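Colleague: Mind looking over this structure? Questions follow.
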Amino acid sequence: MKIQVLGCSGAIAHGCRTTAFLLDDDVLVDAGTGVGDLPLDLMASIDHVFITHAHLDHVAALPLMLDAVASSRLARGAGAVTVHALQETIDALRAHLFNGLIWPDFTCIPTPERPLLAFSPLQVGETWTDGHKTVEALPAVHSVPAVGFAAWGSGGAWVFSGDTGRNPAFWRRVNQLPVAQLVIETAFSDRESELARRSQHLSPGSLAEELAAISPGSRYPICITHTKPAETALIMDEIHRLEAVADHDIRWLQAGQTFEI
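Residues 113 to 373, numbered by my numbering, are exactly what the sequence shown covers, in order.
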């Protein structure tokens, strides 16, 4: 399974794109601004989109992508792009985005019988597969209903925390998986640790406490995502200064990276 990092920033700035990952060529995990860097032909090949939660930095490119690929997909009879998310997330997207006011309701365009967009509710613990890769919804603890995701093929599991604060249930499941790579958010520096706690995000100190839940003897690359651009350098410095993470393989995720798992 190929994973392409389209965006991994907690906000926009020059060179910074918000959260989006492309699995192989047909599955998107989150639809932040990084999706806009894809060529149209690759964008049009995306059949499934897995959304962690309804916050704008994770869904901003979804309506624009659908508009961009509509004619191409309809011309070749590709059918609807299916968005997989919690029911609460789907309800938010329907009410506040695809509502005919902010953006057209693509679940009935061009016709209700042949729409460009379909929603598929999922719950924590549920899985989807295309026969080659499997995607599972993982627990997340955020300011709105949210999930993380694990995706795996033959080479182990790619695990993405989504936006989350302290999350014991996440680790209970992760420690059962053959993890090949963990992507975990650390949105704020420790000087903003109280803000991180209130908004259900991690800072370096709480990240270290979370990583302590990894099963003894397990070792895999841990990639930091969702850092705020103004604090990225400080966050990484604080993480590397923590003795509690010294035994982990900590890496800095960057847009444009591609991994084979």
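Note that the Cβ used here is the ideal one computed from N, Cα and C, for glycine as well.
Computed from a predicted model, the values in this text were never measured in an experiment.
Look up G119 in the DSSP assignment and give the residues it is bridged to.
Modeller: In the DSSP output, where bridge partners are listed per residue, G119 has A132.
Colleague: Can you list, in chain order, the residues of its chain with a C-beta nearer than 7 Å to that of L365? Leave out the 5 residues immediately preceding and following it.
Modeller: V117, C120, V295, C335, I336 and T337
Colleague: Do W270 and I373 have their C-beta atoms within less than 8 Å of each other?
Modeller: yes
Colleague: Suppose contacts are defined by Cβ-Cβ distances below 8 Å. Is E238 in contact with A249 by that definition?
Modeller: yes
Colleague: With respect to the alpha helix (DSSP H) encompassing L110, which residues constitute its N-terminal and C-terminal limits?
Modeller: What the structure shows of the chain is the stretch from 113 to 373, and residue 110 is not part of that stretch, so it cannot be assessed.
Colleague: How is the alpha helix (DSSP H) around A207 delimited, first residue to last?
Modeller: A207 -> alpha helix (DSSP H) spans Q199 to H208.
Colleague: Inspect the beta-carbon positions of L229 and A192 and report whether they are closer than 8 Å.
Modeller: yes
Colleague: Taking just the CA atoms, how far does F261 sit from S305?
Modeller: Looking at the two C-alpha atoms, the distance is approximately 25 Å.
Colleague: From the DSSP output, in three-state form, read off V286 for me.
Modeller: helix
Colleague: With DSSP run on the structure shown, which of helix, strand or coil describes E306?
Modeller: helix
Colleague: Report all residues from its chain with a CB closer than 7 Å to the CB of V256; omit the five preceding and five following residues, and keep chain order.
Modeller: H165, A166 and H167
Colleague: Which class does H170 belong to by DSSP, given the choice of helix, strand or coil?
Modeller: helix
Colleague: Taking Cβ to Cβ, would you say H170 is nearer than 8 Å to W240?
Modeller: no
Colleague: May I ask you to report which of helix, strand or coil DSSP gives H360?
Modeller: Residue state, collapsed to three classes: coil.
Colleague: To the nearest angstrom, how far is it from the Cα of P151 to the Cα of P341?
Modeller: 25 Å
Colleague: Taking 8 Å as the cut-off, decide whether the C-beta atoms of T298 and L314 are in contact.
Modeller: yes
Colleague: Let me check understanding here. Comparing Cα to Cα, which of T246, E350, R285 and S232 lies closest to L198?
Modeller: S232
Colleague: Can you check whether the CB of L307 is closer than 8 Å to the CB of V357?
Modeller: Taking 8 Å as the cut-off, the beta carbon of V357 is found no closer than this to the beta carbon of L307.
Colleague: Compute the Euclidean distance between the alpha carbons of E343 and R188, then round it to the nearest angstrom.
Modeller: Approximately 45 Å between the Cα atoms of the pair.
Colleague: Which whole runs of the alpha helix (DSSP H) in the segment 256-286 are 4 residues long or more, in chain order?
Modeller: 280-286
Colleague: On the DSSP bridge assignment, give the partners of F371 in chain order.
Modeller: I115
Colleague: Does DSSP put V147 in a helix, a strand or coil?
Modeller: helix
Colleague: If you follow the beta strand (DSSP E) that E297 is part of, which residue opens it and which one closes it?
Modeller: V291 to E297
Colleague: Could you tell me if D142 is buried or exposed, where buried requires 16 or more neighbouring beta carbons within 10 angstroms of its beta carbon?
Modeller: Sixteen is the threshold: when 16 or more other Cβ atoms of the shown chains lie within 10 Å of the Cβ of D142, as they do, the residue is buried.
Colleague: Where do the ends of the beta strand (DSSP E) carrying H254 lie?
Modeller: Taken as a continuous stretch (DSSP letters only), H254 belongs to no beta strand (DSSP E), as it is neither H nor E.
Colleague: Which value, in whole angstroms, describes the spacing of the CA atoms of D359 and F300?
Modeller: 22 Å
Colleague: Between which two residues does the beta strand (DSSP E) containing S232 stretch?
Modeller: Boundaries of the beta strand (DSSP E) harbouring S232: L229 to P233, taken from the DSSP string.
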